[in-house]
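Below you'll find the structure, written out as structure tokens, and then a few comments.
Number of protein chains: 2
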Amino acid sequence: MKPATTLRPERERCADCLIRHRAVCSHCGPAELEFLDAIKSYRTFKPGEEITAMGQETDFLGSVVNGVVSLSRILADGRRQMVGLLFPSDFIGRPMRAQAPFDAIAVTDVKLCIFSRPRFEALLRDTPSLESRLLEMTLDELDAARDWMVLLGRKTAREKMASFFLLVARRLAAVARAELRDGVELELPLTREDMADFLGLTIETVSRQISALRKAGAIELTDARHMRIPDIAALAEIAGDDDDGGMID
Amino acid sequence: MKPATTLRPERERCADCLIRHRAVCSHCGPAELEFLDAIKSYRTFKPGEEITAMGQETDFLGSVVNGVVSLSRILADGRRQMVGLLFPSDFIGRPMRAQAPFDAIAVTDVKLCIFSRPRFEALLRDTPSLESRLLEMTLDELDAARDWMVLLGRKTAREKMASFFLLVARRLAAVARAELRDGVELELPLTREDMADFLGLTIETVSRQISALRKAGAIELTDARHMRIPDIAALAEIAGDDDDGGMID
DNA sequence: CCCGGCAGTTGACCTAGGTCAATGACCGAT
DNA sequence: ATCGGTCATTGACCTAGGTCAACTGCCGGG
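These protein sequence lines are chains E and S, in that order. Here the first sequence is numbered in the UniProt record's numbering, starting from 1 and rising by one per residue. Here the second sequence is numbered in the UniProt record's numbering, starting from 1 and rising by one per residue.
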């Protein structure tokens, strides 16, 4: 839906295949597919495993194939704030910049599709549309980060929780290529502690607000990790967005 | 300091001239300069004047020449959160996306250097290095936004104030191409209300924390808008960053 | 010169959410 | 089966910062 870029139409569309890991690439020819296979590799991480550490040089970039990755920063005294949450198809790592500006940690079992940094940079030179696509994705991330700033700075604990559930529901629906509808069931990928760090709260407050939302009928819990949203619009109402949509990458 | 991009070296360096408004462009030839003059125009805004409104289509992009611009979002019930603060040389507007995701408001007298959207998009097609530079700037903004998320989610009111003063001091020093040193005097571009909205606080808390920092000797005030930082390191200590640097564009 | 309005400060009070602590549920290891 | 650990929930309490209100100083207009 956006203006197409210029050169190499035959490789152009692969930007998405590359950086969002659309593994099945129906519009690329055999030569392209072979090329992609040659430069991709995969790596898996266990829950809690560190993918990159703040300030450390990372020698790869890639995209999430399975699982959820948290991005967080820690203050000197141990206070932690999550600054992003990556779902399948999200990009990880920064072009042109080796040093990681935060910790990236696998919150579930994670599979990444990886390019070595030199290889990715070569790709960037050879594939003009890739840079354009990266720019667009980075702009989306920036929007998401700014939405989250509103949440962190101005929302109540209850609104934060509701926003978070909607965020997860939306992202998981997108991953499953399913529509988000009333009654969705979803598995929360984060522990209470991770949620607290994402929302700028404590685990006790997270726990209390979940109980309160459950009592109010806004959510239903089967166990601590599995929930159902009976009425999306009602929850969005509680989340308190004017337009709606607390997105974060 | 970053890997150079490919085509058109003779126009390449002008990416900075264009999007960061380095008006004096010593490395461009007369043809380039004439070209730039032909497509630039300027617009000024009074304090409080709206530059773009959330959800509204904007027909221009550009960069700040003078003054300070706030980017903010407002919740349905009027709660406001500032999500960015633009100083001279910062870029405003989003390539490939006409709809503004927040309000942009002049907080001081502001002069913008402006390109019409179609013109900018033509420029983007013709100048490969421009996209690369935009990507880099967007990544910087994303970093800054994430730093601010840490502040909003995890810092105390006092830490927030100290971080804010350092942010302003750094940005103003950069604009003046001056080094940031102990004893800097600076004019606060924001009202107490704007600061509160930037930091996720109320004006009363902002006022109280300023008084407290003054009493503690961390800052000195001549009047409500003019201050001096006697000891940068001491203030940074109060700001509570591990590494430091709460940057936001 | 006076008056009204706005920005800022300060005080008194209140409350959302943090802190601390006890308890329960659910492991996986012995 | 038992133990130790992690995760979650809940209660009792406390405090940082929000709310409400009074007051000041400043500026611009009549």
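Every residue, glycine too, gets a C-beta built ideally from N, C-alpha and C.
Problem - In chain order, each beta strand (DSSP E) run of at least 3 residues that lies wholly inside the UniProt domain "Cyclic nucleotide-binding" (34-141) of chain E - result: 41-45, 50-52, 60-66, 69-74, 80-86, 103-106, 110-116
Practice task
Could you pull the start and end residues of the beta strand (DSSP E) that residue 219/E belongs to?
Solution key: It is not in any beta strand (DSSP E) - residue 219/E carries neither H nor E in the DSSP assignment.
Exercise for the section: Give the residues from the segment 124-147 of chain S that approach chain E closer than 8 Å (Cβ to any Cβ), ordered along the chain. Expected result: 125, 128, 131, 132, 134, 135, 136, 138, 139, 141, 142, 143, 145, 146, 147
Problem - The alpha helix (DSSP H) enclosing residue 228/S, as first and last residue numbers - result: No alpha helix (DSSP H) contains residue 228/S, which is instead part of the beta strand (DSSP E) from 226-229.
Handout entry: Distance, residue 126/E Cα to residue 235/E Cα
Key = 46 Å
Handout entry: residue 186/S, enclosing beta strand (DSSP E) - first and last residue
Key = 184-187
Handout entry: Per-residue DSSP class, three states only, for residue 212/S
Key = helix
Problem - Straight-line Cα distance separating residue 79/S from residue 191/S - result: 17 Å
Practice task
Quick one: give me the first and last residue of the alpha helix (DSSP H) that residue 190/E is part of.
Solution key: Here residue 190/E belongs to no alpha helix (DSSP H), and DSSP marks it neither H nor E.
Handout entry: Under 8 Å by beta carbon: chain E residues contacting residue 102/S
Key = 146
Problem - Delimiting residues of the alpha helix (DSSP H) encompassing residue 159/E - result: 157-175
Exercise for the section: Anything in chain E within Cβ reach of residue 56/S, meaning under 9 Å, just list it in chain order. Expected result: Residues of chain E passing the Cβ test: none, with the nearest at roughly 13 Å.
Exercise for the section: Find out if the Cβ-Cβ distance for the pair residue 189/E, residue 106/E is shorter than 8 Å. Expected result: no
Practice task
Using a threshold of 8 Å, state whether the C-beta atoms of residue 324/S and residue 229/S are closer than that.
Solution key: Residue numbering for chain S in the displayed model covers 1 to 249; residue 324/S lies beyond these limits and cannot be assessed.
Handout entry: Reduced DSSP secondary structure (H/G/I, E/B, other) of residue 197/S
Key = helix
Handout entry: Within-8 Å CB hit, residue 19/E to chain S
Key = no
Practice task
Answer with buried or exposed for residue 70/S, where buried requires no fewer than 16 other C-beta atoms within 10 angstroms of its C-beta.
Solution key: buried
Exercise for the section: Can you say whether residue 72/S is buried or exposed, counting buried as having 16 or more other CB atoms within 10 angstroms of its CB? Expected result: buried
Handout entry: Separation of residue 45/E from residue 110/E, as counted between CA atoms
Key = 5 Å
Problem - Given residue 16/E as reference, the closest of 193/E, 89/E, 213/E once Cα atoms are compared - result: 89/E
Practice task
Quick one: using the 10 Å Cβ neighbour count with 16 as the cut-off for buried, is residue 118/E buried or exposed?
Solution key: exposed
Practice task
With 8 Å as the threshold, decide whether the Cβ of residue 149/E is near any Cβ in chain S.
Solution key: yes
Handout entry: 8 Å Cβ cutoff met for residue 138/E and residue 138/S
Key = yes
Exercise for the section: Could you check the C-alpha separation between residue 168/S and residue 156/E for me, to the nearest Å? Expected result: 28 Å
Practice task
Give the range of the alpha helix (DSSP H) segment to which residue 235/S is assigned.
Solution key: 232-239
Exercise for the section: Given a cut-off of 8 Å, decide if residue 179/S and residue 240/S are closer than it, judged by their beta-carbon atoms. Expected result: no
Problem - Same chain only: Cβ atoms within 6 Å of residue 40/S, ignoring 5 sequence neighbours per side - result: 113
Handout entry: Exposure label - residue 217/E; buried when at least 16 CB within 10 Å
Key = exposed
Practice task
State the CB to CB distance for the pair residue 99/E and residue 55/E, rounded to an integer number of angstroms; the pair is presumed to be in contact (CB under 8 Å).
Solution key: 6 Å
Practice task
Could you confirm whether any beta carbon from chain S is found closer than 8 Å to the beta carbon of residue 167/E?
Solution key: no
Handout entry: Test: residue 75/E CB closer than 8 Å to a CB of chain S
Key = yes
Practice task
Say whether chain E places a C-beta atom closer than 8 Å to the C-beta of residue 83/S.
Solution key: yes
Practice task
Measuring alpha carbon to alpha carbon, tell me which of 124/S, 34/S, 35/S ends up nearest residue 61/S.
Solution key: 124/S
Problem - Through-space distance from residue 86/S to residue 172/S, alpha-carbon basis - result: 11 Å
Exercise for the section: Less than 8 Å between the CB atoms is what I'm expecting for residue 163/E and residue 152/E, so what's the real figure, rounded? Expected result: Actually they do not touch by this definition, with Cβ atoms about 10 Å apart.
Handout entry: Residues that residue 228/E contacts on chain S, provided the C-beta gap is smaller than 7 Å
Key = Here the premise fails: no neighbours, minimum Cβ distance about 26 Å.
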